[in-house]
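Only one structure is covered here, and it is reproduced in the block below.
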Amino acid sequence: MKLDLKIQPLSSWITAKAQPLLIAGPCSAETEEQLVATAHLLAATGKVTALRAGIWKPRTRPGEFEGIGSIGLEWLKRAKAETGLPTAVEVATAKHVEEALKGGVDILWIGARSTANPFTVQEIADALKGVDIPVMIKNPVNPDLSLWIGALERVNNAGITKLAAIHRGFSSYEKTAFRNEPMWDLAINLKTHAPELPIICDPSHISGNRELIPYVSQKALDMDMQGLMIESHIDPSVAWTDAKQQVTPAALVELIDRLTLRKPEVVNKDVKDKLADLRDNIDKIDDLVIAKLAERMKIVEQIGNYKKDNGITILQVNRWDEILQKRTNYGKALNLNPEFTEKLLELIHGESIRKQTEIMNKGQGNAPVQEQLTHS
9 MKLDLKIQPL SSWITAKAQP LLIAGPCSAE TEEQLVATAH LLAATGKVTA
59 LRAGIWKPRT RPGEFEGIGS IGLEWLKRAK AETGLPTAVE VATAKHVEEA
109 LKGGVDILWI GARSTANPFT VQEIADALKG VDIPVMIKNP VNPDLSLWIG
159 ALERVNNAGI TKLAAIHRGF SSYEKTAFRN EPMWDLAINL KTHAPELPII
209 CDPSHISGNR ELIPYVSQKA LDMDMQGLMI ESHIDPSVAW TDAKQQVTPA
259 ALVELIDRLT LRKPEVVNKD VKDKLADLRD NIDKIDDLVI AKLAERMKIV
309 EQIGNYKKDN GITILQVNRW DEILQKRTNY GKALNLNPEF TEKLLELIHG
359 ESIRKQTEIM NKGQGNAPVQ EQLTHS
């Protein structure tokens, strides 16, 4: 389902001096000297589109540095006056919005913790009514596409048409190389719902360490995201917050220069024709896959009826384990990622369980169970 968002193109409210579009600056504004000096170094690169800095910092635990506060807005104003860079800050309350607007901030963004709370987003949206300013909305902390969409809709309903999303990854119990799991599929899903919506990637928060930032940045550009937001500090080793994920302005230049920019649209006719042929082949195979799945579900229905007539339980654990092992091994032999094969099988098995449950409850006065069972 396409979202009914009224959005101005990114190019109408932010001008990129170079490609890719790059919003950069320290995680936190710590001192006037630190912020202004960093801004000058970033502006000198000729690659930075806008200067970002955390003024109010939502921290996990009390007692940690929670931002320098409103005085930082004056520092940002000076940095803008001296470098010409537009400024961007995070807002989490209506008061933040009021102070940022009064301080001449050019771009606002709503952070992941705020996006997760519809009350907070609505408060911010109400404060933005009648204001013409770009607003970027980070994905919520947890992988919930509806919350992300809801935040975008609330702000758009307040009259903000200079709107963009920021993909900063999602919290996960599983410990991986990333601070926040990218879960690229959710960002792709958002783009499917709102093709006109600009999406900017925040590789710093996805990575959690500077070594991974180049990889995540390249992946984001390859996924046709419209820009990057990267944390840059004049001396990350002494940064007051998120020191490990910040890079120096010099390192930022090196990082950007190594990125490969690819075009979303194919211009060369021969390439376009070849892609069309390959995609046509994929379409035919997809049709066959869907037809075979439908055929499989017909057999599942027969099995469900047989189990019902003979008083057999729906779930046969030994059979499921056998399917999972054999099919995963078969997929591996065909160069399919075992994790992908297992997830695919779990989806198919979940639908099989749902269908059989529906059959078991038919005619017994029980409402069909709609849940899908998953098995690790």
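First residue of the sequence shown? That's 9 in our numbering, and the numbers climb one at a time after it. A virtual CB, placed ideally from N, CA and C, is assigned to each residue, including glycine. Only a predicted model underlies this, so the values are computations on that prediction, with no experimental measurement involved.
Unbroken beta strand (DSSP E) run spanning residue i, endpoints
i, result
"Lys282", "It is not in any beta strand (DSSP E) - Lys282 instead sits in the alpha helix (DSSP H) that spans 277 to 317."
"Ile145", "143 to 146"
"Ala185", "Note, Ala185: premise wrong, no beta strand (DSSP E); not H, not E."
Coarse secondary structure for residue i, derived from DSSP in three states
i, result
"Ala173", "strand"
"Trp248", "coil"
"Trp192", "helix"
"Met9", "coil"
"Gly80", "helix"
"Trp156", "helix"
"Ala61", "coil"
"Leu116", "strand"
"Ile242", "coil"
"Val56", "coil"
"Leu18", "helix"
"Ala202", "coil"
"Gln254", "coil"
"Ser360", "helix"
"Asn217", "coil"
"Glu72", "coil"
"Val149", "coil"
One or two residues paired with residue i in a DSSP bridge
i, result
"Cys209", "His175, Leu236"
"Met231", "BP columns for Met231 are empty, so no partner."
"Glu98", "Trp117"
Residue i to residue j span [Cα, whole Å]
i, j, result
"Asp192", "Gly319", "Here residue 192 is Trp; the residue named in the question, Asp, does not match the sequence. Straight-line Cα distance between these residues: approximately 44 angstroms."
"Ile361", "Glu303", "16 angstroms"
"Arg176", "Ser215", "9 angstroms"
"Pro148", "Phe178", "7 angstroms"
"Tyr181", "Lys55", "36 angstroms"
"Asn369", "Met305", "17 angstroms"
"Thr128", "Arg121", "9 angstroms"
"Met144", "Lys300", "43 angstroms"
"Asp250", "Cys35", "7 angstroms"
"Gln254", "Gly33", "9 angstroms"
"Ala102", "Val139", "13 angstroms"
"Asn164", "Asn313", "50 angstroms"
"Ile132", "Leu116", "11 angstroms"
"Leu353", "Thr23", "46 angstroms"
"Phe186", "Ile221", "10 angstroms"
"Phe348", "Ser20", "40 angstroms"
"Lys25", "Leu50", "12 angstroms"
"Gln16", "Ile208", "15 angstroms"
"Ala108", "Val261", "29 angstroms"
"Trp328", "Thr68", "42 angstroms"
heavy atom of the ligand FMN below 8 angstroms from residue i C-beta
i, result
"Arg162", "In the structure on display, the ligand FMN does not appear, and there are no ligands present to speak of."
Limits of the unbroken alpha helix (DSSP H) element including residue i
i, result
"Ile264", "257 to 265"
"Arg121", "120 to 123"
"Val105", "102 to 110"
"Glu131", "126 to 136"
Item to check | Continuous alpha helix (DSSP H) assignments of at least 4 residues falling wholly in the region 319 to 355 | outcome: 325 to 341
Checklist entry - Of all the beta strand (DSSP E) runs that stay within the bounds of the region 21 to 54, which reach a length of 3 or more residues? => result 29 to 33
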